[in-house]
Each structure stands twice: as structure tokens, then as C-alpha cells.
Amino acid sequence: MEILLAIMTGVLYAAGTYMILRRSIVKLIIGIILFGNGVNLLIFLLGRITKGNPPIISPELKHFTDIYADPIPQALILTSIVISFGLQAFAIILVKRAYKVLKTDDLDMLNTLDEDS
Amino acid sequence: MLFIVCLGFLLSIAILFIHKFIKGNWAWLSTLIPLTSFLYFLSFIGDIAQNDVIKVSYSWISSYSVDLSFMLDGLSLLFVLMISGIGTLVFWYTSSYLKGHEYLDRFYAYLGIFMAAMLGLVLSDNLITMFIFWELTSISSFFLIGFNNESKSSRKSALLALGITGVGGLFLLAAAVILGQVTSTYTISEMLSMSNEIAMSSSYTFIVVMIFLAAFTKSAQFPFHFWLPGAMKAPTPVSTYLHSATMVKAGIYLILRFSPILGETSLWNTTLITIGAITMLYSAIQMLFRTDLKAILAYSTICALGILTFLTGLGTYEALVAAMVFIVVHALYKASLFLITGIIDHETGTRDITKLSGLKQGLMPIAVAGFVAALISGGVIPTLGFVGKDLIYESTLHFKNNAWLLTGIAIATNVLLFYGGFLVGVKPFLGKKPEALPHLHMPSIRLWLPPMLMVLLGLVLGFMPYLLGDSLIMPGAEVLSRGESGLHLKLWHGFNTMFWLSTLTIAFGVIVYLVLKPSDKLLRFSEKFEFISPKSITQYLVSLFKIMSKYWTMLFQNGYLRHYVATYVTFIIVLVGYLLLKDPVLKIDYNTLADLTVYEIVIIIIMFLSTLFTVFTPSRLAAVAAMGIIGFAFCLLYLFYSAPDLAMTQFSVDTLTVILFVLVLYRLPKYLKFSKNYLRVEHGILSTIFGGMITFLILKVISEPKNSEISNFYAENSYVLAKGKNVVNVILVDFRGSDTLIEITVLIVAAIGVFGLLKLRLKARDKK
Amino acid sequence: MKTLILKTASDILLPVLLLFSVFILLRGHYLPGGGFVGGLIAAIAFVLDAFANGLENSRKIIKIHPGFLMPLGLLISFASAVTPVFFQDLPFMTGLWASGHIPVIGKIGSALFFDTGVYFVVVGVSLTIIFTISENA
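Below you can see the structure in the form of C-alpha cells.
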């Protein structure tokens, strides 16, 4: 299963990179989101996968007695999910705003316009 | 004590809510803040005079042995009284000086932060805390110098000052870290007993040099002095408070504080004496060429700081006493001269000495104050200045070698200081009043009372120096000189060598004052040599650096996002790929892997197809929908692999993201095909290699055994230490709570960004 | 998108979802949940309401601008983090716990307040973003 997931991560990375390399701003955002998903999966896999044993101590115990899923990648990804929501919102609005002000959707057109301000 | 130190910070926060109040007629009420601190610290005089040391400590980041520990001894009491005392007068003065100013509230906020930072700096017993306060003073002074932010030169000076003093702060940090390693403590009072070990250690030279760099940048010693005259762009109360009486003395405080720890080596003493002497002579001569009252004062301040460094370098008991007395003397006369300059500027609109004369008509009380201040500055009997100068000569004369050379330098400097004091304090008031100046009348009491009080104090302490000596100077000197004591301050020592030297100084001073007339000619003459000054050299280096970075930028930062990303990706592929290919064999133990199940495979296939679809679909809506599917597939994956928290969060965020897209999508630009086909293929290949490399990397990691030390720590202690059973949540809100705190701050910043971008109206320029 | 079905459903769903979000928040220390998820659910509840009854209506329900929830939450979190420094002379972020046991929540401690702060920030951030965008986009 891990091998399949590793390949999936690679696919997400490749798709993300490809979209970021496009000139259209909308594709850039989509690329960033895909890339972010890839990163999450990567972190998750580095903690190894465990089925059916969430890192929650059962009510009557004080320690884990059974195996449990690694909590650290989960904490990291939880943070990352919420942050990327903020980031995505900001990126989308930034793009919209740039589009409105500069009237271009082409990233290559953005590099010259800040010079003459 | 923590509360008193933080009063200034509290004020600056409170300004948010009471800014209307503070801008109006009630501005003077803010004076209560420094006054409270002053009275609070005044109450310790009795204890300190008994040579008590008061220590208070609050835990802050104990695990890194960084605590808010404060220590009040003779030296720090001297400084806190100066800071809060002069602070009181400056706050009071400002309420009239900047009356009705649009940003008076901000001004008070910065001033409050500055005062608090300064108090913290001199009270800190922990080096790291000290560093933080040190940098806070630099930052708040940046805002204060650049207060007139509409003027370009003001912004430039502020940046220059921040650059120099900020870099100095980093040196302090370096010294602190190394000292911490050598002594395995950050507490200054604990380092006192370890001075031998420090002197023996191999990093001694490094520590000393770092401390020197920190102190010299902050206290404007040659060759780092040039930011200080520029800092005079600030409103006069700032120059008074920061750049004469308090902040620039922080460097002096640092070397004084460390002289019992690091001192008594030839490296320490010789460097300080040399740098101090150069600074004092250099700036004293520079002073001759200035015509702006504030510029004269700026150079005379640098000169005084040079004297202080010099005295600390001498390091004898007498010299340390002299230094401490001179700190007080200098604070008193320099602050009052600055305030008087402020009044002159306020009333006449000019600070050019060649245009000012005869101001005693209408400003008589201020003329008297100026005269007395000049007397203190010139060290004329019976002021405290005389006591100070007496001690300086005494310490140079009694120094073990080159006594007469050092005394000569001290005399020459004092002659010029005398001249400078009279130039500012006396000259503008004498003679005939030019027609060009407006009719003058006495300003508000809030303006003239503070300088008056200070010169009065200088006179009173001149008659009764033991008031100051027994309560502050002696305990302070005791701290610094490790127990030596016995000197009592007196005004009159009889007709000894020191007295005759003093008289000589005054005589020469009067001659210089009568002979030299400040004029633009002299100023222009001095500007011819500007190109070899440290300031010009620095600026030249900076411009070289700019040219270099321009070429660098043209090479790498060409403005095309694609190029950047492609460069990064290629770089990573080469770097990581090289490592991976060195050992390309995968040794995966298939038994440890999870089993394949049908529903998992289905989900992976769905994810895979959606990803491809997202990349290749020509429709935006389809792409967004496909991304939603990827998100929900993730949700299920997390659920399978024991991460219920993640599944819930991913689900909620995905819902919100889809809503977000729906809201914005139709206003977003349409998909357009910009790239050329060969570029697409090229990028496709690059991305595929990158993705493949990541896959390989993960497989490589999986084939290695996992280190779960940290995870086990959290899992074991989750309930025992943090009383929580959901380990993920415990990590977020307890073990790594500080990270979460910063994270939500980042979220807020993002939301504010969105709000700002959308609500901000387009400026006229953008509408074109 | 003002359909009758959505409208009727959201009238019931809003309080239920909000209650649910608080429930998720409170149990976070022992079972899956916590401030992040709770906040997101609450935000979704309001967004749903805004879709059904119009933005103005949900603004009225919240009363204050959602932007103010952000500093409020940050303040709660920060206060719970510095409380040990000021009142107990313990390091920053030390957990403090009240004695006693309450159903669902379990023990009350500074971590719960911290999570509550996170909850408010997340609600504030999500709603600020969504509301601003739907007003101006």
C-alpha cells in the first residue's frame, strides 16, 4: 500500500510543479494547492501508516498498550491544512486583485510592471 | 518590578484606546508614567546606599535558562533614575513641544516603548533578556528618529541608525551566546565570580571584541559614530532623551557592567583608552566646524561618550567614579542644552548659530538656564561639572603610564567641550537681536521648566556632591571595582594640580570661544575632507554592494516566476538526485508494509484520475471540481489510516475551499493557453522527473527503520503531563502550543491580507 | 440561492451545527476534535446560513464583525499562555489544571482556554475571508 501512496505523492508533486510552471495565474493557484496536498501526503507517509489505531488513549487507560499511529505528522498536517486554507484564500484574492489592476492573466507580463511605479 | 518596567509598554498599548484623549489638552498626563517609575526607583536609594543588591526573577523560558531576572544595584539604579527622571521631564516637555501634532499619540507610544526597553536593558541580569531589550531600544529609536517620516533625510537617518545599532545588537547576541557557553549561565551576576575562567578561555578575545563592537556601535564611538549626527533629524525631545541622555549611554553601561567580568587585561584597557581618546578628539574637532546647534550638541555628545569610554578603559577606581559622575553631569547639561535648543528652534524657527543672537530679550530665564548649563558643561566651579572634571584629571594623572599624555588629551577635549557648551548655551542669547527674528515671548512653562530644573540640580549637586556620591556613585563604583571604596565626592579640594588644570582648561576655553567664530566657511572647509570620513567610506561600500547585487539580480531574478521555479526544481533534482543515486538500491521489507485492500486501491485510482483531470482539463470549473474530489479522497485516506482529526479538518476545509472557489471562480480570468508547446513538453519532463524523485525518496525512507523517539515521548507523556488523551490535540495545544499560537497569528495575517486587498480602494495611480 | 428547503433546513441546522462545533471543541483533548475543526464547523454553519438567508441575515446573527473574533481569540490564547508566567511564576505555556471533573469536557485547564482561543481565531478568519469575498468579489 505504501508503494502506491508513494507513487501518488510523486504524481501530486509532478502535477503541482507542472501547473506552477504554467503562465496562467489560475493554474498557478491550482498548482500550489496540488503541491500542498502532495506535501501533506509526504509528511504523512514519513510517519508510516497504521490502520485502525488512532493516537488516542482509551478512556480507562493512562498509556498506550497497543500500537498507535504516529501523532507528530498528524499534528503537522493539521496545522498545514488550516494554514493552506488561509494561504489559498490570500493567493486567490491576490491574483484577482493583480488581474483587476494590471488587466493581465499572464505571469510573464507581471515582471515589468512594477518598475515604472 | 516587572510591572514598573512594563509600564511604558502598557502605555503604548493603552494609547490605542486613549489616543484622542492623549492628543488633546491632557497630553501632559502621560508624564505620570515615567514619574511613577522614577518615584518607585527613588524609594530604593536607601537600600542601595547600604550596598544592597535587589534581585527579582520571573521565569520566562526556563528551559533555555532565559528568565526575566532583574538586578538593581548602584550602577543600574543610577541609570534607571536617569532614564525615568529625564524621561519625566521629556514627556512633560513634549506635551507642549508637539502640542496638537497629528501623531502625538504615536510619539508617546514610541517613547513609552523606548523607556520601558531602556529600563529593562539596564536592569536585566540575564544576557539574553538584555539583548532583547537592547534591540527594542534600537527599534523604538528607529521609529522616533524617523518620526517626521515625510522627510527623506529623516527616513534615511533612521535607517542608518537602525542599521548600525541593530548590527551592534547582533554582536551583543554573539557575545552572549559564547559567554553562555564558557560560563554555562546567562546570568550576569553569576559571571562575576568566573572572570578568571573567562579570561583563560580561548574565546576571551572573541567575546571582548563582540562586546566592544556592540558598545561602540550603540554609543557612537569612532568609527561607528556617524549615525548619531544624522539621528538629530528627530524631534528635539527625542534627541534629548535618546541621543544624549540615555540610549547612547547603553553602550557605556555595557562596558561598565562588564568591566569587572572581562576587564583588567591589556586588550580591554588599551582598546578602550585608544578608541575613547580618538573619539573624543575627533568629535571635539568636528564640533568646531558645525553651525547647527543640534549638530554641535551631537558632536559634543559623541565627545562625551568618548570620554566615558576612555575613563572605563583606565579602569582604576578613581576613573570609574569619574565616569559615573560624568554620566550624571553630561545627562544634566546635555539634556538641558538640547531642551533649550528646542525652545530656540520652536520660537525662532532656526537652529543656525550664525543667525541667532540677542535672544535674551524676551527669553531671559532661558538665557540664565543656558548660561548655567554652559557652566556645568565647561566644568566651572561651583557646579557639578567641576566635580566631574576634577575627577577626570585626577584619574588621568594617577594612571600608571603615559599620565601626562592622557591628561593632555583630556584637557584638549575639555577645552573644546567648554567651547561647545558656551556656543549653544550662551552665544544665541548675547549680542544684538537681528531684525529677521520674530518678536519673542516666554514659551509655556512646560517648555522652560524642565531645563531649569536640570540646571538647578546641577548647581545644587555641585555644592553638595556627597548627596549624589554617597547614595549612587559609591555603591555603583563598589559594584564595579570589586569592593574598593573610600572616595568621597567634594567640591573643593584646595589649590592642587587638578584645580590649576581646571583653571587652565577654562582659560583656554574662554580664549577659543572669543577667537573662533562659527561660520559657514568653516563648515564648507570641513566638507572638503568629507570623502575620507567613515561615513563616506561606509556609503561607498554600500553603493558598491548595490552595484554587485544589481548584477546578481539581473542574473538570477529576471522576474519570470517560471524561471525561478524551474531553477529551484532543477537544483533540488540535481542535489537530491545525486544523493539518491549514490545508493540506488531499495531494500524494502514487504512484510512491514500495510496490506492492499480494494477500497484503498479504488480511492488511489480516483485520486490519480482526478489529478490528471485537473491538470489537463480546459475548463476551470471542472478543475475545481476535480480538486474537490482529491480533497475528499484525502479525507477518506486519513480516516483509513487512523487520523480522525485530520479527516475532520480536511473535510471542513475542503468544504470551505469549494465555497471559496464558487464565490470567486466566475470573476477569475478564463483559462488561456500561453505557453508554447515545446515549453510544455519541457516542463512536463521536468515535473515528471521531480515527481519520480519524490516517490523514490519516500520509498527510500520507508526502507529505513523509523525513529519514534519523539513520538513516543509525546505519547507517553500526553496524559501524564498534559492530562489529555487525544495526542494530536495535546501536541497542538500543549506541547507545541507556542507554534500554534504563531500559526493562528499567521492565519489572522492572511485574513487581514484578504480583507485589506478587497476593501482597499484603488489609488488614483492604479486606476490609470 | 434562496430556496425554501435550504432556508428551512438552515434555520435548524445553524444552532445544531454551532452546538456541534462547541461539542467538538470541548472534547478535543480526549477524543478527535479541537479548536481547529470546531472553528471550521462553526464557520461552515454560518456560511450555510449566509447562503440560505442572505449575508445580511447572518451578519445580524453574529452581531459583531467576524474580524473582531480574531484578536479576541488570539488574546484568549495568549492570555492562557502567559497566565502561568504572571500568576504562578512558571514558564510560558505551562499547563494549569483545575481540580474536579466535568462530563464531556473532562478536566478544565489552560489548554482548554487555549483551544477556545484557536476556535475563535479560526471562526473569525474563515468568516472574514468568506464574507469579504462574497461581498466584494
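Chains as they are written, first to last, in UniProt numbering: chain A, 1 to 117; chain B, 1 to 768; chain C, 1 to 137.
Glycine included, every Cβ here is placed at the ideal spot set by N, Cα and C.
Everything numeric in this text was worked out from a predicted model, so none of it was measured.
- Item | Separation of B/Ile409 from B/Gly509, as counted between CA atoms | As a working mapping, residue 509 of chain B is identified with position 509 in the second sequence. As a working mapping, residue 409 of chain B is identified with position 409 in the second sequence. Cα-Cα distance, rounded: 14 Å.
- Item | Cα-Cα separation between A/Gly38 and A/Leu12, rounded to whole angstroms | Your numbering for residue 38 of chain A matches position 38 in the first sequence. Your numbering for residue 12 of chain A matches position 12 in the first sequence. Distance between the alpha carbons of A/Gly38 and A/Leu12: 5 Å.
- Task: Look at C/Ile41 and C/Leu19 and say whether their C-beta atoms are less than 8 Å apart.
- Result: Walking along the third sequence from the start, residue 41 of chain C turns up at place 41. Walking along the third sequence from the start, residue 19 of chain C turns up at place 19. Cβ atoms of C/Ile41 and C/Leu19: not closer than 8 Å.
- Please name the residue, chosen from B/Ile381, B/Arg562, B/Asn148 and B/Thr265, that lies closest to A/Ser24 on a Cα-to-Cα basis. Sequence index remark: in the first sequence, residue 24 of chain A carries index 24 (1-based). Closest option to A/Ser24, Cα to Cα, is B/Arg562.
- Task: Would you list, in chain order, the members of the stretch 51 to 81 of chain A that have their beta-carbon closer than 9 Å to a beta-carbon of chain C?
- Result: Pro54, Ile56, Ile57, Pro59, Leu78, Thr79 and Ile81
- Which of helix, strand or coil does DSSP assign to B/Asp67? The residue labelled residue 67 of chain B in the question sits at position 67 within the second sequence. In this structure, B/Asp67 counts as strand in the three-state DSSP scheme.
- Query: Along chain C, in chain order, which residues have C-beta atoms closer than 9 Å to that of B/Ala374?
  - Reply: The count along the second sequence starts at 1 and reaches residue 374 of chain B at position 374. Going along chain C, no residue has its Cβ under 9 Å from B/Ala374, so there is no contact; the nearest lies around 48 Å.
- Query: With 16 as the cutoff for other CB atoms within 10 Å, does B/Val542 come out buried or exposed?
  - Reply: Stepping through the second sequence from its first residue, residue 542 of chain B is reached at position 542. Burial call: exposed.
- Item | Three-way DSSP call (helix, strand, coil) for B/Leu26 in this model | As a working mapping, residue 26 of chain B is identified with position 26 in the second sequence. A quick correction: the sequence has Trp, not Leu, at residue 26 of chain B. Residue state, collapsed to three classes: coil.
- Under a Cβ-count criterion, where at least 16 other Cβ atoms within 10 Å of its own Cβ denotes burial, should residue 769 of chain B be classed as buried or exposed? Here chain B has residues from 1 to 768 only, and residue 769 of chain B is not among them.
- Compute the distance between the beta-carbons of B/Thr740 and B/Val730, then report whether it is under 8 Å. Numbered from its first residue, the second sequence carries residue 740 of chain B at position 740. Numbered from its first residue, the second sequence carries residue 730 of chain B at position 730. Contact: no.
- Task: Quick one: which unbroken alpha helix (DSSP H) runs of 4-plus residues sit fully inside the stretch 276 to 353 of chain B? Chain order, please.
- Result: 293 to 314 and 317 to 348
- Proximity test, Cβ basis, 8 Å: A/Ala91 and chain C: To locate residue 91 of chain A, count along the first sequence from 1; it is residue 91. Answer no: the Cβ-Cβ gap between A/Ala91 and chain C never drops below 8 Å.
- Query: chain A beta carbons: is any one of them nearer than 8 Å to that of B/Ala764?
  - Reply: The count along the second sequence starts at 1 and reaches residue 764 of chain B at position 764. Low confidence applies to B/Ala764: its pLDDT is 46, below 50, so where it sits in the model is not reliable enough to give any reading.
- Beta-carbon separation of B/Lys233 and B/Ser154 under 8 Å? The residue labelled residue 233 of chain B in the question sits at position 233 within the second sequence. The residue labelled residue 154 of chain B in the question sits at position 154 within the second sequence. Taking 8 Å as the Cβ cut-off, B/Lys233 and B/Ser154 qualify as a contacting pair.
- Contact set between the stretch 39 to 56 of chain C and chain A, restricted to residues whose Cβ is under 9 Å from the partner: Gly39 and Leu40
- CA-to-CA distance, B/Ile18 to B/Lys99, given in whole angstroms: Translated into positions along the second sequence, residue 99 of chain B becomes position 99. Translated into positions along the second sequence, residue 18 of chain B becomes position 18. Answer to the nearest angstrom: the Cα atoms are 16 Å apart.
- Message: I'd like to know if the stretch 539 to 556 of chain B and the stretch 164 to 174 of chain B are in contact, where contact means that at least 3 CB-CB pairs between them fall below 8 Å.
- Response: no
- Task: For A/Glu115, count neighbouring Cβ atoms within 10 angstroms of its own Cβ and tell me buried if that reaches 16, exposed if not.
- Result: Residue 115 of chain A sits at position 115 when you count from the first residue of the first sequence. Because A/Glu115 carries a pLDDT of 43, less than 50, the predicted location of this residue cannot be relied on, and no value is offered for it.
- Have a look at B/Ile698, B/Gln361 and B/Lys249 and flag the residue whose alpha-carbon is nearest the alpha-carbon of B/His330. The residue given as residue 330 of chain B occupies position 330 in the second sequence. The shortest C-alpha separation from B/His330 is found at B/Lys249.
- Message: Let's test the definition: count the other Cβ atoms within 10 Å of the Cβ of C/Val118 and tell me whether it reaches 16, buried, or not, exposed.
- Response: As a first step, residue 118 of chain C must be located in the third sequence, where it is residue number 118. C/Val118 should be labelled buried.
- Message: Quick test of your reading: A/Gly16 and A/Leu34, contact by CB under 8 Å. State the CB separation rounded to the nearest angstrom.
- Response: Numbered from 1 along the first sequence, position 16 holds the residue referred to as residue 16 of chain A. Numbered from 1 along the first sequence, position 34 holds the residue referred to as residue 34 of chain A. Yes, A/Gly16 and A/Leu34 are in contact; Cβ-Cβ is about 4 Å, under 8 Å.
- Task: Check the Cβ of B/Gly187 against every Cβ in chain C and list those closer than 7 Å, keeping chain order.
- Result: Reading the second sequence from its first residue, position 187 is the one you call residue 187 of chain B. The question names Gly, yet the displayed sequence has Thr at residue 187 of chain B. The premise fails here: B/Thr187 is roughly 16 Å from chain C at the closest Cβ pair, so nothing lies under 7 Å.
- Query: What do you get for B/Glu264, buried or exposed, if any count of 16 or more other CB atoms within 10 angstroms of its CB means buried?
  - Reply: Your numbering for residue 264 of chain B matches position 264 in the second sequence. Its Cβ having fewer than 16 others within 10 Å, B/Glu264 is exposed.
- Item | Listed by chain order, chain A residues near C/Pro32 by CB distance under 9 Å | Within the third sequence, residue 32 of chain C is the residue found at index 32, counting from 1. Chain A residues near C/Pro32: Pro54 and Ile56.
- Message: Any beta carbon of chain B sitting closer than 8 Å to that of C/Thr132?
- Response: Here residue 132 of chain C is taken as the residue at index 132 of the third sequence, counted from 1. True, the Cβ-Cβ gap to chain B drops below 8 Å.
- Query: Residues of chain E with a CB under 7 Å from the CB of B/Gln650: which are they?
  - Reply: Of the protein chains in the structure, A, B and C, none is chain E.
- Of the listed residues B/Leu697, B/Val238, B/Phe613 and B/Glu190, nearest to A/Lys27 (C-alpha basis): Along the first sequence, read from residue 1 onward, the residue named residue 27 of chain A stands at position 27. Of B/Leu697, B/Val238, B/Phe613 and B/Glu190, the residue nearest in Cα terms is B/Phe613.
- Query: Which residues of chain B have a Cβ atom closer than 7 Å to the Cβ of A/Gly10, listed in chain order?
  - Reply: As a working mapping, residue 10 of chain A is identified with position 10 in the first sequence. The contacting residues are Gly691, Gly692, Ile694 and Thr695.
- Item | Partner residues on chain C for A/Gly86, Cβ-Cβ distance less than 8 Å | Working through the first sequence from its first residue, we reach residue 86 of chain A at position 86. Neighbours of A/Gly86 on chain C, chain order: Val125 and Ile129.
- Query: Cβ of B/Phe661 within 8 Å of Cβ of B/Val615?
  - Reply: As a first step, residue 661 of chain B must be located in the second sequence, where it is residue number 661. As a first step, residue 615 of chain B must be located in the second sequence, where it is residue number 615. No. Outside cutoff.
- Query: How big is the Cα-Cα spacing for B/Ile178 and B/Ile207?
  - Reply: For the purposes of this step, residue 178 of chain B is taken as the residue at position 178 of the second sequence. For the purposes of this step, residue 207 of chain B is taken as the residue at position 207 of the second sequence. Their Cα atoms are separated by approximately 7 Å.
- Query: Can you tell me the Cα-Cα spacing of B/Ile198 and B/Leu262, whole angstroms?
  - Reply: As a position in the second sequence, residue 198 of chain B is number 198, starting the count at 1. As a position in the second sequence, residue 262 of chain B is number 262, starting the count at 1. Cα to Cα, B/Ile198 sits roughly 7 Å from B/Leu262.
- Task: Consult DSSP for A/Leu12 and reduce its assignment to one of helix, strand or coil.
- Result: The residue you call residue 12 of chain A lines up with position 12 of the first sequence. A/Leu12 falls in the helix class under three-state DSSP.
- Return the residue from the list B/Asp292, B/Met210 and B/Ile15 that minimises the CA-CA distance to B/Ile255. What you label residue 255 of chain B is simply residue 255 of the second sequence in a count that begins at 1. With distances taken between Cα atoms, B/Ile255 lies closest to B/Met210.
- Message: Can you find the residues in the same chain that come closer than 7 Å, C-beta to C-beta, to B/Ala49, ignoring five residues on each side of it along the sequence?
- Response: Locating residue 49 of chain B in the second sequence gives position 49, counting from the first residue. Once the five neighbours on either side are set aside, the close Cβ partners of B/Ala49 are Asp470, Ser471 and Pro475.
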